[in-house]
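Numbering (the working numbering), first residue to last: 316 to 609. Please read the structure below before turning to the comments.
Below you can see the structure in the form of structure tokens.
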């Protein structure tokens, strides 16, 4: 999708890849389905952990493929995401992020069930599946010179960077994350994985504590930059997308547009591709978020 108003604001040609229209409302279905398709037939079920989008994607993929799914989710995950996970017949194990580490809880539960863990981003099949997003984008618009991608744990960014650099070697691949959850940006600059614990950002998909052991080296090798945006910039981007483009986008999905509108990333005259990673946001919460902007 495109917008003349957005082009004018950015002083560039901006193209959106709208994964909010993807199955389960985010790009996560790509990696989840790819990973589950390759689970051995004798596996009784799979375990994971997620703030919502990976949980929904894995639950729906499991429903399609007939594989039981259980997910460790924060007790305060967006209500619409919890409802969707249960609707896809998956089991939720809630936890308090202030008191428990989700990876440890998932590992404990997986051992009790003897189920493998399919993590939300640090998994080869997940990364490969997420890369199909950039592949589709470039197939339909091979003229883009910049590619802005939200970053949480780095699955979408690393998978898309592999594809983008293979198809368009000169393209600038840029990750975008919240200022209040800037572990990826710090890791990128310092050359060592940095952590952040339960960051206070509305972008729940970017609250991952650190980049993965697989995603980090890919990002360091293939990504050109990682920029950060403020909470107010995210809110304004969500409002712009809703009012001017009629797109309902969750905070994490709006990160790339936030970078463009705020000037955190600028490429005058260039052709900028932006991946809108998802649209799973409760409408009441979205209205509150946008009305609370400064």
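For glycine and all other residues, C-beta sits at the position ideal for the given N, C-alpha and C. Since the model is a prediction, treat every value here as computed from it, not as a measurement.
ask   = Is the Cβ-Cβ distance between residue 552 and residue 536 less than 9 Å?
value = no
ask   = Since residue 332 contacts residue 590 with CB under 8 Å, what's their CB separation in whole angstroms?
value = 5 Å
inquiry  = Taking 7 Å as the limit between beta carbons, can you name the residues of its chain near residue 390, skipping five residues before and five after?
reply    = 409, 410, 411
query = Buried or exposed: where does residue 603 fall if 16 or more other Cβ atoms within 10 Å of its Cβ makes it buried?
reply = exposed
ask   = How long is the line joining the alpha carbons of residue 530 and residue 478, rounded to whole angstroms?
value = 14 Å
request  = Tell me whether residue 499 is buried or exposed, calling it buried when 16 or more other Cβ atoms sit within 10 Å of its Cβ.
outcome  = buried
Buried versus exposed, by CB contacts within 10 Å (16 or more), residue 457 = exposed
task = Leaving aside the five residues before and after residue 401 along the sequence, list all residues of the same chain whose C-beta is less than 7 Å from its C-beta, in chain order.
result = 407
query = Just the Cα atoms here: how many angstroms apart are residue 540 and residue 443?
reply = 21 Å
message = Let's test the definition: count the other Cβ atoms within 10 Å of the Cβ of residue 598 and tell me whether it reaches 16, buried, or not, exposed.
response = exposed
inquiry  = For residue 556 and residue 572, I'd like the C-alpha separation in whole angstroms.
reply    = 8 Å
message = Contact criterion: CB-CB distance below 9 Å. Does residue 339 meet it with respect to chain D?
response = Given the protein chain composition of this structure (a single chain), no chain D is represented.
query = Where does residue 516 land, buried or exposed, given buried means 16+ other C-beta within 10 angstroms?
reply = buried
task = Identify the continuous alpha helix (DSSP H) that holds residue 447 and give its terminal residues.
result = 439-455
query = By a C-beta neighbour count over all protein chains shown, 10 Å radius and 16 as the cutoff for buried, is residue 511 buried or exposed?
reply = buried
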